[in-house]
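Engineer: Residues 212 to 448 (the working numbering) make up the sequence shown, in order.
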Amino acid sequence: PGIKPGGSSIANKSQDLAVEKEEKSTLGILFDSDSCEGKKTLAFPSISTSDFQFDHEKAADIIVKAAIQFFQDKDHAGLRLIFVDLSPNSDMLARVRRNLVKEGLNPQQLLTHAGDITKLRSSGGLACNMITNAANWRLKPGGGGVNAAIYKAAGHDLEQATKQYASTLNPGSAVVVPLPLSSPLQKVEGVTHVIHVLGPNMNPQRPNCLAGDYVQGCQILRATYASLFNAFSTTVK
Ligand code: AR6
Numbered sequence: 212p213g214i215k216p217g218g219s220s221i222a223n224k225s226q227d228l229a230v231e232k233e234e235k236s237t238l239g240i241l242f243d244s245d246s247c248e249g250k251k252t253l254a255f256p257s258i259s260t261s262d263f264q265f266d267h268e269k270a271a272d273i274i275v276k277a278a279i280q281f282f283q284d285k286d287h288a289g290l291r292l293i294f295v296d297l298s299p300n301s302d303m304l305a306r307v308r309r310n311l312v313k314e315g316l317n318p319q320q321l322l323t324h325a326g327d328i329t330k331l332r333s334s335g336g337l338a339c340n341m342i343t344n345a346a347n348w349r350l351k352p353g354g355g356g357v358n359a360a361i362y363k364a365a366g367h368d369l370e371q372a373t374k375q376y377a378s379t380l381n382p383g384s385a386v387v388v389p390l391p392l393s394s395p396l397q398k399v400e401g402v403t404h405v406i407h408v409l410g411p412n413m414n415p416q417r418p419n420c421l422a423g424d425y426v427q428g429c430q431i432l433r434a435t436y437a438s439l440f441n442a443f444s445t446t447v448k
């Protein structure tokens, strides 16, 4: 199930809903009444598993292990990560939720949410400080997937702002771009930064294809999440 917008105060009053919340919470599913206010929050999509055709099971394992490693640092206790995918039926959401339970990660540290990463506050009731883009190496708008959605939602401002920080990105690395105040993503959604990352590519029709080399692919995906989470914690400090 996805997250319905609004309804936060009503939700907590019902005992049934409280039970449902507890059940969902143990699965790391974000409940309607949860808010990210007060905790610095990074939202991120599943890097490389759609257009870049990376194996989903391997990716879900890497996501949860990267989050566990991130929260082993006590300095990160006040931070929060939200894994987002568009559809409530996303198999990546299901895999990450399963691994969360399996690995015993605190579900309040890595939450999961079905919805559009560009509408987390307006449609999901979630205030997130930073969102992650699964970018292309040229850091260009368009293409498809989450890259197209984020550039579209942020307006021209993001392309201009990105150019000040980088013109290309290597696989496994991240670049943090502060959003101008004029950007609709900042004005409407309260997002202050977009972090572009480039994950490993298994799609022969895209640059730097690893042609099924999962030794290298997994190394790069681990490096991608490590760079992302590190960029987030460094920036919120
Ligand atoms: N909100 C949340 N999640 C989304 C959204 C959205 N609006 N749109 C897509 N996803 P992809 P990749 C999920 O293909 O595999 C681009 O064209 C989607 O369901 O965007 O890393 C770039 O320019 C999937 O789980 O990224 C690169 O060339 C996840 O986002 C290339 O694709 C990532 O899917 C990168 O490929």
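Glycine residues also receive a C-beta, built at the ideal position from the N, C-alpha and C atoms.
Computed from a predicted structure; not experimentally measured.
1. On a CA-only basis, which of G249, L292, I258 is nearest G356? Give me that one, please.
2. Is the Cβ-Cβ distance between L396 and L369 less than 9 Å?
3. Return the CA-CA distance between Q427 and I273, expressed in angstroms with no decimal places.
4. With a threshold of 8 Å, establish whether the CB of T329 neighbours any heavy atom of the ligand AR6.
5. Counting only the same chain and skipping the five closest in sequence on each side, list residues whose C-beta sits under 7 Å from that of P256.
6. Just to check my reading of the structure: N414 and F263 have Cβ atoms closer than 8 Å, yes? What is that Cβ distance to the nearest angstrom?
7. How about L297: is its Cβ closer than 8 Å to a heavy atom in the ligand AR6?
8. Note down the Cα distance separating F443 from E268, rounded to an integer number of angstroms.
9. Any chance the segment 300-307 sits against the segment 334-342, with 3 or more Cβ pairs inside 8 Å?
10. Pick out whichever of S394, A277, V402, G366 has its Cα sitting closest to the Cα of C429.
11. Quick check on P389: does DSSP put it in helix, strand or coil?
12. Check this for me: beta carbons of A254 and L321, under 9 Å apart or not?
13. H404: buried (16+ other C-beta within 10 angstroms of its C-beta) or exposed?
14. What is the DSSP secondary structure of V275, reduced to helix, strand or coil?
15. Which residues share a DSSP beta bridge with I328?
16. What is the rounded straight-line gap between the Cα of R433 and the Cα of H367?
17. DSSP three-state call for R291: helix, strand or coil?
18. How many Å lie between F282 and K351 at the Cα?
Structural biologist: Based on what the coordinates show:
1. Within the sequence shown, the letter at position 145 stands for residue 356. Closest option to G356, Cα to Cα, is I258.
2. The residue you call residue 396 lines up with position 185 of the sequence shown. The residue you call residue 369 lines up with position 158 of the sequence shown. It is a contact, given that the beta carbons lie within the stated cut-off.
3. Against the sequence shown, residue 427 aligns to sequence position 216. Against the sequence shown, residue 273 aligns to sequence position 62. Q427 and I273: Cα-Cα distance of roughly 13 Å.
4. Here residue 329 refers to the residue found at position 118 when the sequence shown is read from its first residue. Answer for T329: yes, Cβ within range of the ligand AR6.
5. As a working mapping, residue 256 is identified with position 45 in the sequence shown. Correct list, in chain order: V295, D296, I328, T343, A345, V357.
6. The count along the sequence shown starts at 1 and reaches residue 414 at position 203. The count along the sequence shown starts at 1 and reaches residue 263 at position 52. Sure, about 5 Å apart at Cβ, within 8 Å.
7. For the purposes of this step, residue 297 is taken as the residue at position 86 of the sequence shown. It does: the Cβ of L297 is within 8 Å (strictly closer) of some heavy atom of the ligand AR6.
8. To locate residue 443, count along the sequence shown from 1; it is residue 232. To locate residue 268, count along the sequence shown from 1; it is residue 57. Taking the straight line joining both Cα atoms gives about 25 Å.
9. no
10. Position 218 of the sequence shown holds residue 429. Per the Cα distances, A277.
11. Taking the sequence shown and counting its residues from 1, one reaches residue 389 at position 178. Of the three classes helix, strand and coil, the one that applies to P389 here is strand, per DSSP.
12. By 1-based counting over the sequence shown, the position of residue 254 is 43. By 1-based counting over the sequence shown, the position of residue 321 is 110. No.
13. Numbered from 1 along the sequence shown, position 193 holds the residue referred to as residue 404. Buried, because 16 or more other Cβ atoms sit within 10 Å of the Cβ of H404.
14. Stepping through the sequence shown from its first residue, residue 275 is reached at position 64. Three-state DSSP puts V275 in a helix.
15. For the purposes of this step, residue 328 is taken as the residue at position 117 of the sequence shown. In the DSSP assignment, I328 is bridged to no other residue.
16. Reading the sequence shown from its first residue, position 222 is the one you call residue 433. Reading the sequence shown from its first residue, position 156 is the one you call residue 367. So the two alpha carbons sit approximately 31 Å from each other.
17. Indexing the sequence shown from 1 puts residue 291 at position 80. Note: R291 maps to strand in three-state DSSP.
18. Working through the sequence shown from its first residue, we reach residue 282 at position 71. Working through the sequence shown from its first residue, we reach residue 351 at position 140. Approximately 32 Å between the Cα atoms of the pair.
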